[in-house]
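Residue numbers (my numbering): 11 to 487.
Everything on this sheet refers to the single structure shown next.
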């Protein structure tokens with residue numbers, strides 16, 4: 011067993027997991043999906059999926075980390091030995107580490123854009139700017155590989171500095187300052203939005219219960235969002251779980267993480283769309299909302315430059331809290347496996363991810379559409395790397411559910427859960443059957459060129475195959 015540290019305070023895992031979960035997606039993607047897919051109807055499906063799929067797998071992944079007390083790769087190696095199961099299950103750790111590495115490479119580039127806009131806002135460069143000017147400014151940023159590389163470098167270096175300082179002095183101290191500060195900033199921006207924007211239109215956009223607007227694709231998006239928002243299957247939760255106190259409740263903590271993550275997304279949605287509707291602007295999806303529409307809204311509002319700068323500091327903080335969780339799984343593995351110092355391990359991980367990130371940088375300019383990079387399945391390098399993570403993460407989550415549901419013994423799970431038999435049976439049913447089935451469909455949705463009758467056929471095949479594998483595993487243990 012590894013001599014891993016344990017968080018100084020029981021609540022630190024909650025801060026760490028929320029920090030990992032709350033990122034750029036919460037601040038634009040979740041509110042946008044909610045508004046476009048029936049508002050309250052989307053939230054209902056999302057909440058049901060969080061309970062039936064997200065929370066059980068979050069508990070499972072945390073449990074694997076806490077039981078092994080090691081990094082995801084070494085931890086799964088330890089668990090396969092102690093449970094006398096196939097070494098193929100070690101792929102859970104490798105998939106998580108690969109996902110974390112790939113996500114960090116492009117996440118750092120996108121987050122770097124927030125550095126650019128923080129500076130523009132705080133210096134008042136965008137005050138009174140019109141739509142054409144702000145849109146042209148964003149296009150100019152994307153067209154500049156040098157500027158994007160600079161921001162990418164600054165962002166990833168700052169994240170590395172926090173993780174390199176260690177579990178307590180770095181990650182724990184950073185999160186205990188950063189997360190409460192982010193919540194305060196979010197409330198300040200919401201109050202500003204209520205005063206200067208149109209909060210009634212924002213609430214109507216987000217919370218009107220319109221089941222007719224919720225298509226099958228909307229259902230799948232709700233399921234996918236509930237899985238991806240909790241950072242499942244990318245090693246971060248397992249890595250953080252290794253430092254979790256044995257006395258802390260897995261179930262209560264998982265529920266709290268899911269609740270806070272969703273609450274942040276809802277408050278962010280109200281704040282952002284209050285400003286957007288108040289300025290009479292369109293609710294654009296993706297980077298356009300964050301880096302064109304919002305700066306335009308701030309440009310004409312009282313104290314817009316100051317509050318806009320504060321808002322982008324919020325975006326940066328949320329991105330940093332996520333990026334440190336992406337560095338940790340691989341850094342912890344390098345420390346354990348090769349007896350490196352933490353600064354050495356973090357440096358190797360970050361330099362490699364930084365270099366990989368250059369592919370994302372040039373995807374927006376030098377290697378834009380029509381260049382050689384689109385030979386990769388008709389996608390840019392950035393889109394291809396993102397596609398890989400959208401396959402690795404659900405696959406890792408599926409395997410986590412199966413391993414925790416079938417390989418871990420009842421007595422071991424009961425001890426870790428520290429709960430009554432009713433919740434144990436509920437959790438085990440959800441993690442054995444419901445979770446794998448739902449994640450299988452999320453997984454298949456990400457695979458390109460899989461449509462029509464092929465989806466249900468492959469889905470059924472994958473679920474049946476996973477179940478057969480699980481049954482075989484149960485017999486062997």
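Every residue gets a Cβ at the ideal spot worked out from N, C-alpha and C, and that includes glycine.
Less than 8 Å between C-beta atoms, sequence neighbours within five positions excluded: which residues of the same chain meet that for residue 62?
Locating residue 62 in the chain shown gives position 52, counting from the first residue. The answer, listed in chain order, is 440, 444, 445 and 448.
Let me know the secondary structure DSSP gives residue 79 once reduced to three states.
For the purposes of this step, residue 79 is identified with residue 69 of the chain shown, where counting begins at 1. The answer is coil: DSSP assigns residue 79 none of H, G, I, E or B.
Cβ of residue 92 within 8 Å of Cβ of residue 100?
Within the chain shown, numbered from 1, the residue matching residue 92 stands at position 82. Within the chain shown, numbered from 1, the residue matching residue 100 stands at position 90. No. Outside cutoff.
Can we count residue 83 as close to the ligand MG, meaning its CB is less than 7 Å from some heavy atom?
The model depicted lacks the ligand MG and carries no ligand whatsoever.
Excluding the five sequence neighbours on either side, which residues of its own chain have a C-beta within less than 6 Å of the C-beta of residue 276, listed in chain order?
On the chain shown, residue 276 is found 266 positions in, with the first residue counted as 1. The answer is none, since no qualifying residue turns up.
Range of the contiguous alpha helix (DSSP H) that encloses residue 395:
Looking up residue 395 in the chain shown gives position 385. That run of the alpha helix (DSSP H) goes 391 to 412.
C-alpha distance - residue 407 paired with residue 84, whole-angstrom precision
Taking the chain shown and counting its residues from 1, one reaches residue 407 at position 397. Taking the chain shown and counting its residues from 1, one reaches residue 84 at position 74. Computed Cα separation, rounded: 17 Å.
Residue range of the unbroken alpha helix (DSSP H) whose run includes residue 271:
For the purposes of this step, residue 271 is taken as residue 261 along the chain shown, with counting starting at 1. Its alpha helix (DSSP H) spans residues 260 to 288.
Note down, one range per segment and in chain order, each beta strand (DSSP E) of at least 3 residues found wholly within the segment 103 to 141.
Runs of the beta strand (DSSP E) inside the segment 103 to 141: none found.
Nearest-angstrom beta carbon gap, residue 414 and residue 124 [assumed within contact, 8 Å]:
One-based indexing of the chain shown puts residue 124 at position 114. One-based indexing of the chain shown puts residue 414 at position 404. No, residue 124 and residue 414 are not in contact; Cβ-Cβ is about 36 Å, not under 8 Å.
Contact belief for residue 306 with residue 57 at Cβ below 8 Å, rounded distance in angstroms:
By one-based count along the chain shown, residue 306 stands at place 296. By one-based count along the chain shown, residue 57 stands at place 47. About 32 Å separates the two Cβ atoms, so there is no contact after all.
Across the segment 290 to 304 and the segment 106 to 117, are there enough close Cβ pairs to call them in contact, namely three or more that are closer than 8 Å?
Flag = no, the segment 290 to 304 and the segment 106 to 117 do not touch.
When the Cβ atoms of the segment 140 to 154 are set against those of the segment 326 to 339, are three or more pairs found closer than 8 Å?
With the rule of 3 Cβ pairs closer than 8 Å, the segment 140 to 154 does not count as touching the segment 326 to 339.
Given residue 398, which residues of its chain have a CB within under 7 Å of its CB, disregarding the five upstream and five downstream residues?
On the chain shown, position 388 is the one that residue 398 refers to. Closer than 7 Å at the Cβ level, and outside the excluded window around residue 398, lie 112.
Any idea what DSSP makes of residue 49, helix, strand or coil?
For the purposes of this step, residue 49 is identified with residue 39 of the chain shown, where counting begins at 1. In the structure shown, residue 49 sits in a strand (DSSP, three-state: E or B).
Under 7 Å Cβ to Cβ from residue 347, same chain only, skipping five residues before and after it: list those, please.
Position 337 of the chain shown, counted from the first residue, corresponds to residue 347. For residue 347, where only same-chain residues beyond five positions count, the Cβ hits under 7 Å are 84.
Excluding sequence positions up to five away, which residues of its chain have a Cβ less than 7 Å from the Cβ of residue 28?
Within the chain shown, the letter at position 18 stands for residue 28. Excluding sequence neighbours, residue 28 sits near 189, 267, 270 and 271.
Could you spell out the range, first to last residue, of the alpha helix (DSSP H) harbouring residue 228?
As a working note, residue 228 is residue 218 in the chain shown. For residue 228, the enclosing alpha helix (DSSP H) stretches over residues 226 to 238.
Compute the distance between the beta-carbons of residue 246 and residue 393, then report whether it is under 8 Å.
Taking the first residue of the chain shown as position 1, residue 246 is located at position 236. Taking the first residue of the chain shown as position 1, residue 393 is located at position 383. Between residue 246 and residue 393, the gap from beta carbon to beta carbon reaches 8 Å or more.
Could you give the distance in angstroms between the alpha-carbon of residue 176 and the alpha-carbon of residue 218?
Counting from 1 along the chain shown, the entry for residue 176 is found at position 166. Counting from 1 along the chain shown, the entry for residue 218 is found at position 208. Straight-line Cα distance between these residues: approximately 45 Å.
Alpha-carbon spacing of residue 49 relative to residue 216, whole angstroms:
As a working note, residue 49 is residue 39 in the chain shown. As a working note, residue 216 is residue 206 in the chain shown. The alpha-carbon separation between residue 49 and residue 216 amounts to approximately 5 Å.
Distance, Cα to Cα, residue 51 vs residue 220?
The residue labelled residue 51 in the question sits at position 41 within the chain shown. The residue labelled residue 220 in the question sits at position 210 within the chain shown. Roughly 6 Å separates the two Cα atoms.
From this set, 185, 15, 82 and 378, which residue's C-alpha is nearest residue 340's C-alpha?
Position 330 of the chain shown, counted from the start, is the residue given in the question as residue 340. With distances taken between Cα atoms, residue 340 lies closest to 82.
Quick one: give me the first and last residue of the alpha helix (DSSP H) that residue 353 is part of.
For the purposes of this step, residue 353 is identified with residue 343 of the chain shown, where counting begins at 1. Per DSSP, residue 353 belongs to the alpha helix (DSSP H) from 352 to 373.
Taking just the CA atoms, how far does residue 284 sit from residue 503?
Limits of the chain in this structure are 11 at one end and 487 at the other, which puts residue 503 out of reach.
Please list, in chain order, all residues of the same chain as residue 153 whose beta carbon is under 7 Å from its beta carbon, the five residues on each side excluded.
Position 143 of the chain shown, counted from the start, is the residue given in the question as residue 153. Here the set comprises 375.
Our contact map puts residue 173 next to residue 334 with C-beta atoms below 8 Å; I'd like the distance itself, whole angstroms only.
Here the question's residue 173 lines up with position 163 in the chain shown. Here the question's residue 334 lines up with position 324 in the chain shown. Contact holds; Cβ gap of about 5 Å.
Between residue 211 and the rest of its own chain, which residues show a CB-CB distance below 7 Å, the 5 nearest in sequence each way excluded?
Taking the first residue of the chain shown as position 1, residue 211 is located at position 201. Same-chain partners within the cutoff: 287.
Thinking residue 53 and residue 224 are a contact (beta carbons under 8 Å), I'd like their distance in whole angstroms, please.
Against the chain shown, residue 53 aligns to sequence position 43. Against the chain shown, residue 224 aligns to sequence position 214. Contact check for residue 53 and residue 224: beta-carbon distance about 10 Å, past the 8 Å limit, so the pair fails to qualify.
Here's a check: name, in chain order, each residue in its chain whose Cβ is nearer than 7 Å to the Cβ of residue 168, leaving out the five neighbours to either side.
As a working mapping, residue 168 is identified with position 158 in the chain shown. The beta carbon of residue 168 lies closer than 7 Å to those of 330 in the same chain, with the five residues before and after it left out.
Residue 46 versus residue 235 - alpha carbon distance
Sequence index remark: in the chain shown, residue 46 carries index 36 (1-based). Sequence index remark: in the chain shown, residue 235 carries index 225 (1-based). In a straight line, the C-alpha of residue 46 is about 14 Å away from that of residue 235.
Within the chosen definition, does the segment 256 to 267 reach the segment 181 to 195 through at least 3 CB pairs nearer than 8 Å?
With contact defined as three or more Cβ pairs closer than 8 Å, the segment 256 to 267 and the segment 181 to 195 are not in contact.
As assigned by DSSP and simplified to three states, the class of residue 40:
Here residue 40 refers to the residue found at position 30 of the chain shown. DSSP places residue 40 in the helix class (H, G or I) of the three-state scheme.
What residue from 88, 38 and 31 has the CA that sits closest to residue 293's CA?
For the purposes of this step, residue 293 is taken as residue 283 along the chain shown, with counting starting at 1. For the residues 88, 38 and 31, the minimum Cα distance to residue 293 belongs to 38.
Looking only at its own chain, which residues have a Cβ that is under 7 Å from the Cβ of residue 345, when we skip the five neighbours before and after it?
As a working note, residue 345 is residue 335 in the chain shown. Contacts found: 352 and 355.
Consult DSSP for residue 343 and reduce its assignment to one of helix, strand or coil.
Locating residue 343 in the chain shown gives position 333, where the first residue counts as 1. Residue state, collapsed to three classes: helix.
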